[in-house]
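Written below as structure tokens is the structure these notes are about.
Protein chains: 2
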Amino acid sequence: MSAARSLGPSAIHTRSAILDLIRSSGTVSRIELAEMSGLTATSITRFVKSLIEDRLVIETGFGDPTGGKRRSLLELNPTSRYAVGVSLDDARLNYVVVDLGGNVVGQLTSSGIGQSVPSAEIDRIADELEQLFRQLDIPRTDIVGVGVAGAGLDLGAGAERLSLTADEWESFAVRKALEARVGLPVVRDNDAACAALGQYWVGRIPATQDFATLYMSNGFGMGLMIGGSVNRGASSNVGEIGHMVVDINGPDCWCGSRGCLEILAAPRAIVSQAMQDSALAEELELSGDDGHLRHDFNAIASRAAEGEERCTALIEHSAHIVAAAVLSAVNLLDLDRIFLAGPGFADAGAIYARIIRERVSGFARARGVHGVTIELSDPGLDAAAVGAATLALQYVLTPHAYV
Amino acid sequence: MSAARSLGPSAIHTRSAILDLIRSSGTVSRIELAEMSGLTATSITRFVKSLIEDRLVIETGFGDPTGGKRRSLLELNPTSRYAVGVSLDDARLNYVVVDLGGNVVGQLTSSGIGQSVPSAEIDRIADELEQLFRQLDIPRTDIVGVGVAGAGLDLGAGAERLSLTADEWESFAVRKALEARVGLPVVRDNDAACAALGQYWVGRIPATQDFATLYMSNGFGMGLMIGGSVNRGASSNVGEIGHMVVDINGPDCWCGSRGCLEILAAPRAIVSQAMQDSALAEELELSGDDGHLRHDFNAIASRAAEGEERCTALIEHSAHIVAAAVLSAVNLLDLDRIFLAGPGFADAGAIYARIIRERVSGFARARGVHGVTIELSDPGLDAAAVGAATLALQYVLTPHAYV
Chain A
373 MSAARSLGPS
383 AIHTRSAILD
393 LIRSSGTVSR
403 IELAEMSGLT
413 ATSITRFVKS
423 LIEDRLVIET
433 GFGDPTGGKR
443 RSLLELNPTS
453 RYAVGVSLDD
463 ARLNYVVVDL
473 GGNVVGQLTS
483 SGIGQSVPSA
493 EIDRIADELE
503 QLFRQLDIPR
513 TDIVGVGVAG
523 AGLDLGAGAE
533 RLSLTADEWE
543 SFAVRKALEA
553 RVGLPVVRDN
563 DAACAALGQY
573 WVGRIPATQD
583 FATLYMSNGF
593 GMGLMIGGSV
603 NRGASSNVGE
613 IGHMVVDING
623 PDCWCGSRGC
633 LEILAAPRAI
643 VSQAMQDSAL
653 AEELELSGDD
663 GHLRHDFNAI
673 ASRAAEGEER
683 CTALIEHSAH
693 IVAAAVLSAV
703 NLLDLDRIFL
713 AGPGFADAGA
723 IYARIIRERV
733 SGFARARGVH
743 GVTIELSDPG
753 LDAAAVGAAT
763 LALQYVLTPH
773 AYV
Chain B
373 MSAARSLGPS
383 AIHTRSAILD
393 LIRSSGTVSR
403 IELAEMSGLT
413 ATSITRFVKS
423 LIEDRLVIET
433 GFGDPTGGKR
443 RSLLELNPTS
453 RYAVGVSLDD
463 ARLNYVVVDL
473 GGNVVGQLTS
483 SGIGQSVPSA
493 EIDRIADELE
503 QLFRQLDIPR
513 TDIVGVGVAG
523 AGLDLGAGAE
533 RLSLTADEWE
543 SFAVRKALEA
553 RVGLPVVRDN
563 DAACAALGQY
573 WVGRIPATQD
583 FATLYMSNGF
593 GMGLMIGGSV
603 NRGASSNVGE
613 IGHMVVDING
623 PDCWCGSRGC
633 LEILAAPRAI
643 VSQAMQDSAL
653 AEELELSGDD
663 GHLRHDFNAI
673 ASRAAEGEER
683 CTALIEHSAH
693 IVAAAVLSAV
703 NLLDLDRIFL
713 AGPGFADAGA
723 IYARIIRERV
733 SGFARARGVH
743 GVTIELSDPG
753 LDAAAVGAAT
763 LALQYVLTPH
773 AYV
């Protein structure tokens, strides 16, 4: 039972802010916390007491004596709490267990959702979570929740429209279904938003550094970290960069609009362009079916990464269109740091990064004022799954961060 | 001399936050402030004392007695401070004087900057400010500063690249030059950002309502209010929606990129399309010169508003392209409220609003979750000038809000 339960909503908010200050400071004294927060020493003492009672914060020795009373230092207790993150994807499920310090302490990978329906998959995910928990030497009571990352829309009131192959995933409430099966709080968010949050947490990016994470799976999403929080917009549906209009006279998109980034440059578009070259399609054993989309795209992307000419041309074509959308986002939001994450960038991420860099450095409106770094997120890291776990930690421990 | 001067940076931040809470609450007690802020009653009492000493806040009677000690209520003292806002524009200069409550208490309009150079214009602006101050029955010491709104880029270190006709405005430091002439703090920001801030302040929009203001003058800008603050990005150059790529195969833009919103749909594009119809050009007495751009565009826009067919077609063509860019911004940021402001929308704003509404309501990704309101800002109000004045008030009184 958390000591926070006895506090009112604004006090919980303040307690969360103090916990966040301790996290971002590494080690910090109560007096420094009072200076940073503008709160009185009395308030700080009270909130810190509640955080220590909950084992979230520990005292770790003393600061330099400056003549007066010796000051004990505070820091997060990383091994006091854990959360699980799952990234839902057609081609692969990634599970990670993250501690309060953002360290990955457990991992599991299994086959993707493919054409499977929700009822079977929720059972499987619950079983795989169980299997993961058994592998870990962690008290079950210290696992605070499960975060789920996936492409799709938040429809409000718990329902989501997931971008997975089987129709049954449209307007399915993953959160509710999984919560009933695993008996832990479950939170769910867009994979791009999760990837941005994961980058922020694991990459120890300061709250003053706003940035965007462009996430590419079957489509595109953009997570925005503004002032140390994931920007959520009106309905937690921020980041639909895949439906930015990049060619006003372009082809109809399945979303109803036309000339969207996604219809022009996402894996499905690249694979259908490749299918038109029958020699190439045969050579790479492309199926052209939606069920094998990721396999087909990966085949093209990995050959492009090796320098195969036809595949390179296809990926570069996609990258030029992605670069135009990224340039538009950079101009609209005056971004100076962008991460590329997600399975779509796993094989040919370097080609995308190079072409986006060229376009943004050449044409960003504020290029005379500052550069824009375009970085691939660590490919070994599933940023979305780590971010989903972080989201669960935040949801349970610092309720203000998850609206 | 402000009582805030004796406080450290984090205390000034807290004082600013308390001032903002009082402003958004209308009237509020110290106990309510303590509840809302999470600060102790002692801290609140101390900060409120400093705000009252500065005349920024006044006590206004008492709340309902609930058995205990009667509680005095606090509110902003609207007539304690004033600021001036100036909106710089090729075609017209607007000056407004705004009090701390956001009320416009003085106004002056003069001819635009046209092809004139900075040295002459700064002198004229200083003279016109002097003239405006003389008209007002306000102690000079209560005018805290001047805000300047204009299109262009913030180049950092005080320099700006203003989008005005004469080349001399490129990399000219308006802020520094005007400050030296008027002896008051001068702040300068993008007209779109100012227009958003003005809407927020005068329209008493709550901090929880994020929104965007699309500003159209010779080009386009988008001001973003997120969490009650103007979003500033990496270098205060947020909002360059005019250089969003809407036609990846489109014509070269002067910015170096191609197919930008601005090159396709801004007044210059509309006027050159109109010039190709010589009968229309003659009828409307269009000159086609850059120096008469606003006049030419206004002639087309006002005839379109009257229903003239050829002019309506030209404005609708522009509006469809603007609508695609707005849809892209709505999808990227999950916006649910957009204001249209600026001289470009003065005559044919209703046509733009209708076409943007149609496209956004038909195709926004989150349309199943929430609607998006598209509103014309009050045409009588110069949102950019009012916002610039607000910016000056914030800069001087609540330093946290202006980074």
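Top to bottom, those sequences are chains A and B. Residues in the first sequence are numbered from 373 upward in steps of one, following the working numbering. Residues in the second sequence are numbered from 373 upward in steps of one, following the working numbering. Backbone N, C-alpha and C fix where the C-beta goes; we use that ideal spot for every residue, glycine too. Owing to the predicted nature of the structure, the values given are computational and were not obtained by experimental measurement.
- Interface with chain A (7 Å Cβ-Cβ cutoff): glutamate 540 (chain B) is excluded.
- When rounded, the separation of the alpha-carbon atoms in valine 518 (chain A) and arginine 506 (chain A) is 15 Å.
- Taking 7 Å as the cut-off, the beta carbon of alanine 755 (chain B) is found closer than this to the beta carbon of glutamine 571 (chain B).
- Below 8 Å, too few C-beta pairs join the region 674 to 687 of chain A and the region 550 to 564 of chain A to call them touching: fewer than three.
- In the structure shown, the three-state DSSP call for glycine 663 (chain B) is helix.
- Interface criterion met: the Cβ of glutamate 612 (chain A) is under 7 Å from a Cβ in chain B.
- DSSP, read as helix, strand or coil, puts isoleucine 693 (chain A) in helix.
- For glycine 593 (chain A), the beta-bridge partners assigned by DSSP are A:Tyr587.
- Taken through DSSP and simplified to helix, strand or coil, threonine 684 (chain B) comes out as helix.
- With a contact defined as Cβ atoms closer than 8 Å, leucine 446 (chain B) and valine 516 (chain B) miss out at about 20 Å.
- A direct Cα-Cα distance of roughly 21 Å separates histidine 664 (chain A) from glycine 593 (chain A).
- With contacts defined by Cβ atoms closer than 7 Å, leucine 596 (chain A) and alanine 579 (chain A) do not form a contacting pair.
- Linking glutamate 681 (chain A) to glutamate 688 (chain A) through their CA atoms gives a straight-line distance of about 10 Å.
- Pairing valine 610 (chain A) with aspartate 619 (chain A), the inter-Cα distance amounts to about 21 Å.
- In this structure, the CA atom of threonine 412 (chain A) is about 54 Å from the CA atom of alanine 637 (chain A).
- Residue burial is scored here from C-beta neighbours: isoleucine 403 (chain A) has fewer than 16 other C-beta atoms within 10 angstroms and is therefore classed as exposed.
- Within chain B, Gly410 have C-beta atoms less than 7 Å from the C-beta of threonine 386 (chain A), given in sequence order.
- Flagged as an interface residue toward chain B: methionine 616 (chain A), by a C-beta distance shorter than 7 Å.
- Below the 8 Å Cβ cutoff, chain A contributes Gly410 as neighbours of alanine 383 (chain B), in chain order.
- Burial state of glutamine 766 (chain A) is buried, judged by a 10 Å Cβ sphere holding 16 or more other Cβ atoms.
- Assigned with DSSP and collapsed to three states, alanine 638 (chain B) falls in coil, not helix or strand.
- Neighbours of leucine 527 (chain A) across chain B, judged by C-beta separation under 8 Å: Gly740 and Val741.
- Per DSSP, the continuous alpha helix (DSSP H) segment holding glycine 734 (chain A) begins and ends at 721 to 735.
- Look at the region 573 to 588 of chain A: the residues with a C-beta under 8 Å from a C-beta of chain B are Asp582.
- About 5 Å separates the Cβ atoms of arginine 387 (chain B) and phenylalanine 419 (chain B), confirming a contact at the 8 Å cut-off.
- Under the Cβ criterion of 7 Å, phenylalanine 544 (chain B) is not counted among the residues facing chain A.
- Interface criterion not met: the Cβ of asparagine 562 (chain B) is under 7 Å from no Cβ in chain A.
- Residue pairing for glutamate 431 (chain A): DSSP places it in a beta bridge opposite A:Leu446.
- Three or more pairs of CB atoms, one per stretch, sit closer than 8 Å, so the region 688 to 707 of chain B contacts the region 601 to 617 of chain A.
- Within the region 588 to 609 of chain B, contact with chain A at the beta-carbon level (separation under 9 Å) is assigned to Met594, Leu596, Ile598, Gly599, Ser601, Asn603, Arg604, Gly605, Ala606, Ser607, Ser608 and Asn609.
- Within the region 708 to 735 of chain A, contact with chain B at the beta-carbon level (separation under 7 Å) is assigned to Asp708, Gly734 and Phe735.
- The beta carbon of leucine 686 (chain A) lies closer than 8 Å to those of Ile642, Gln645, Ala646, Ile672 and Ala676 in the same chain, with the five residues before and after it left out.
- Proximity to alanine 455 (chain A) across A:Ala463, A:Gly591, A:Tyr467 and A:Ala565 peaks at A:Tyr467, based on C-alpha coordinates.
- Around the beta carbon of threonine 762 (chain A), 16 or more other beta carbons lie within 10 angstroms, which makes this residue buried.
- In this structure, the alpha-carbon of glycine 759 (chain B) lies about 23 Å from that of tyrosine 724 (chain B).
- Under the Cβ distance rule, serine 700 (chain A) counts among the residues neighbouring chain B, one pair being separated by less than 7 Å.
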